[in-house]
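Notes follow once the structure below has been shown.
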Ligand code: NAP
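Residue numbers (my numbering): 4 to 583.
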């Protein structure tokens with residue numbers, strides 16, 4: 004349990020803060036740390052019982068990160084980089100959560116946090132030029148700035164299957180896993196979904212359950228993680244020059260450093276490609292897509308890697324009919340590529356069965372199980388690995404009202420609209436960390452978060468420097484950015500399939516490619532320019548000096564030399580940017 008202030012605390016009424024932050028995941032934690040450095044008063048509200056965000060909630064068996072541990076961590080503190088020890092190439096969830104707890108302790112973050120508290124409403128008071136914030140524990144506070152650090156994948160998608168309440172056994176969602184864990188020993192278990200969460204948990208559940216039935220609507224591509232302990236030598240080598248590793252990562256389109264090729268797959272011979280794909284498969288993980296530069300731009304190029312992956316699946320799965328069902332027929336990497344440890348091999352176990360629900364959906368739950376394809380599957384427990392209302396779902400759960408009574412849900416009814424994924428016109432002094440319209444889920448998320456937090460902290464410091472009361476995006480700049488985000492998305496094959504990137508997994512959600520796919524360093528450059536140009540595209544109300552050059556404080560570290568051959572808009576236009 005956290006520092007104990009939550010269980011029976013009194014509500015906060017009429018308290019005024021400089022800043023209210025929603026969320027105590029990696030974004031909210033670092034945001035608090037930076038704002039404290041500016042001497043501001045900050046309150047963080049968090050729905051969970053402690054820090055960690057996504058890693059607090061996603062405790063399903065097998066949960067681990069698909070970005071390598073030495074890069075999936077904060078980079079703001081060299082001492083933290085040196086002190087923390089990651090044990091595996093891909094960290095398991097408990098280790099990432101332990102890291103979040105360590106950071107919270109190390110920087111004494113919890114004293115400004117209130118847990119088990121969900122922000123229900125936030126309203127901009129145009130007269131006072133402050134945000135009024137309400138929570139489900141009766142808090143009513145105000146703040147000059149309102150910062151949403153609510154996460155991209157935190158609102159669970161729970162399909163309303165008919166008969167759910169009839170089912171007599173427990174129904175779990177991977178994103179809201181019980182803290183005490185679940186013992187499936189001897190049980191007949193059903194898993195709905197075959198995305199990243201399912202692919203990680205299925206081998207673990209299968210190792211306990213008496214039988215496992217997987218209901219698959221769309222097959223996913225998955226690449227082996229080849230997870231392993233990090234040797235002391237490898238750890239030492241990375242830590243000997245950690246800043247260099249961070250700088251190399253920041254210069255990459257995804258904010259992650261790994262070997263890649265800019266060559267076109269179509270310019271290689273079939274033999275060369277085969278060799279390259281074998282090498283990439285043996286390296287494993289997301290870098291598989293870095294085998295060639297055009298894999299996410301040219302369907303014909305993608306067909307070659309997709310064909311290779313399907314052959315791997317057929318070689319791994321003994322029953323040809325099951326292997327056929329597990330072979331996706333869409334673009335590899337269009338939906339987020341999965342990374343697994345023994346996923347396909349699990350289907351060779353005699354007690355594991357795959358049920359295809361692609362043509363006829365899961366029909367209903369009954370007292371004893373699930374009906375699909377006209378047949379009842381008797382089950383003792385069901386796991387919904389059905390994903391998230393991604394990128395916007397956490398915003399919809401808060402009634403956010405900006406100027407003239409406009410709510411954010413109304414503004415975003417046809418899809419999210421932001422300037423740089425950071426701010427929205429009509430919502431002064433509101434910032435979003437890793438919001439739609441920024442690289443967020445297409446970059447290494449902790450890097451994306453830190454870059455946003457540094458930018459926001461520098462922006463707030465500047466507002467103080469010049470005495471401005473509010474900052475608000477100009478409509479034209481927001482329109483232009485939204486158009487740019489949409490235009491860039493069209494270049495990539497990623498926008499062509501029905502994934503959570505485009506909101507297709509949630510019925511009724513507008514189909515818009517939500518993250519910015521132009522590449523992390525290009526995006527960072529744009530944010531730097533906007534700042535250097537005196538917060539171009541924003542109106543600063545009440546500033547006593549509109550021409551005062553903004554001080555570059557925390558954002559200085561994002562002004563790294565870029566490998567422009569790889570990530571420039573020209574490279575994007577030439578359709579040669581690995582993993583975009
Ligand atoms: P997801 O990728 O959205 O997968 C959800 C699965 O549930 C899909 O197979 C989906 O089928 C299925 N589904 C949804 N509604 C259904 C319904 N009504 N009937 C039948 N099937 C249904 O969600 P996720 O696996 O939780 O992963 C989400 C994202 O979180 C990942 O893409 C990744 O970015 C992140 N994540 C990362 C890691 C990691 O670091 N290793 C682990 C877990 C998650 P359709 O495809 O047909 O919609």
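Where a beta carbon is used, it is the ideal one built from N, C-alpha and C, also for glycine.
Asked: Pick from 408, 491, 514 that is closest to residue 128, judged by C-alpha positions; Found: 408
Asked: Best match in 347, 371, 276, 545 for proximity to residue 166 [C-alpha to C-alpha]; Found: 371
Asked: 8 angstroms Cβ cutoff, residue 232 in contact with chain B; Found: This model lacks chain B altogether, as it is built from one protein chain only.
Asked: Heavy atom of ligand 1 within 7 angstroms of residue 195 beta-carbon; Found: yes
Asked: For residue 267 and residue 18, the rounded distance between their alpha carbons; Found: 59 angstroms
Asked: Three-state class that DSSP yields for residue 4 in the structure shown; Found: For residue 4, the predicted structure reports a pLDDT of 39, less than 50, and the residue's modelled location is therefore unreliable. The matter cannot be settled from this model.
Asked: Residue 29: first and last residue of the uninterrupted alpha helix (DSSP H) it sits in; Found: 29–40
Asked: Test item: CB-CB of residue 148 and residue 36 under 8 angstroms; Found: no
Asked: Three-pair Cβ contact test at 8 angstroms for the region 23–41 versus the region 449–457; Found: yes
Asked: Inter-residue CB distance, residue 46 and residue 70 (contact presumed, cutoff 8 angstroms); Found: With 8 angstroms as the limit, residue 46 and residue 70 do not qualify as a contact, their Cβ atoms being about 30 angstroms apart.
Asked: Heavy atom of ligand 1 within 7 angstroms of residue 391 beta-carbon; Found: yes
Asked: First through last residue of the beta strand (DSSP E) which encompasses residue 387; Found: 384–387
Asked: Candidates 469, 381, 389, 440: closest to residue 190 by CA position; Found: 381
Asked: Neighbourhood of residue 475 by C-beta distance below 7 angstroms, restricted to the same chain and skipping five residues each side; Found: 428, 431, 541, 542
Asked: Continuous beta strand (DSSP E) stretch holding residue 381: start and end; Found: 378–381
Asked: Three-way DSSP call (helix, strand, coil) for residue 225 in this model; Found: strand
Asked: Classification of residue 362 by the beta-carbon crowding that lies within 10 angstroms, buried from 16 upward; Found: exposed
Asked: Residue 469 versus 549, 12, 78, residue with shortest Cα-Cα distance; Found: 549
Asked: Residue 330 Cβ short of 7 angstroms to ligand 1 heavy atom set; Found: no
Asked: Rounded separation between residue 462 and residue 40 - CA only; Found: 14 angstroms
Asked: beta-carbon residue 503 near ligand 1 non-hydrogen atom, thresh 7 angstroms; Found: yes
Asked: Residue 193 versus residue 169 - alpha carbon distance; Found: 16 angstroms
Asked: CB of residue 384 within 8 angstroms of CB of residue 358, strictly; Found: no
Asked: Through-space distance from residue 311 to residue 212, alpha-carbon basis; Found: 32 angstroms
Asked: First and last residue of the uninterrupted beta strand (DSSP E) at residue 357; Found: 355–359
Asked: Residue 62 beta carbon near ligand 1 (any heavy atom closer than 7 angstroms); Found: no
Asked: Extent of the continuous alpha helix (DSSP H) run through residue 450; Found: 448–469
Asked: Alpha-carbon spacing of residue 138 relative to residue 26, whole angstroms; Found: 12 angstroms
Asked: Proximity of residue 509 and residue 150 at Cβ, strictly below 8 angstroms; Found: no
Asked: Buried versus exposed, by CB contacts within 10 Å (16 or more), residue 512; Found: buried
Asked: Check: residue 221 C-beta below 7 angstroms from any heavy atom of ligand 1; Found: yes
Asked: Three-pair Cβ contact test at 8 angstroms for the region 83–94 versus the region 112–126; Found: no
Asked: Environment of residue 439 [buried if 16+ CB atoms lie within 10 Å]; Found: buried
Asked: Where residue 7 falls, given that 16 or more other Cβ within 10 Å makes a residue buried; Found: Any reading at residue 7 must be qualified, since the residue scores a pLDDT of 41, below 50, and its modelled position is unreliable; no value is offered.
Asked: Assumed close pair residue 293, residue 227 - CB separation to whole angstroms, cut-off 8 angstroms; Found: In fact, because the Cβ distance is near 15 angstroms, the residues do not count as touching under 8 angstroms.
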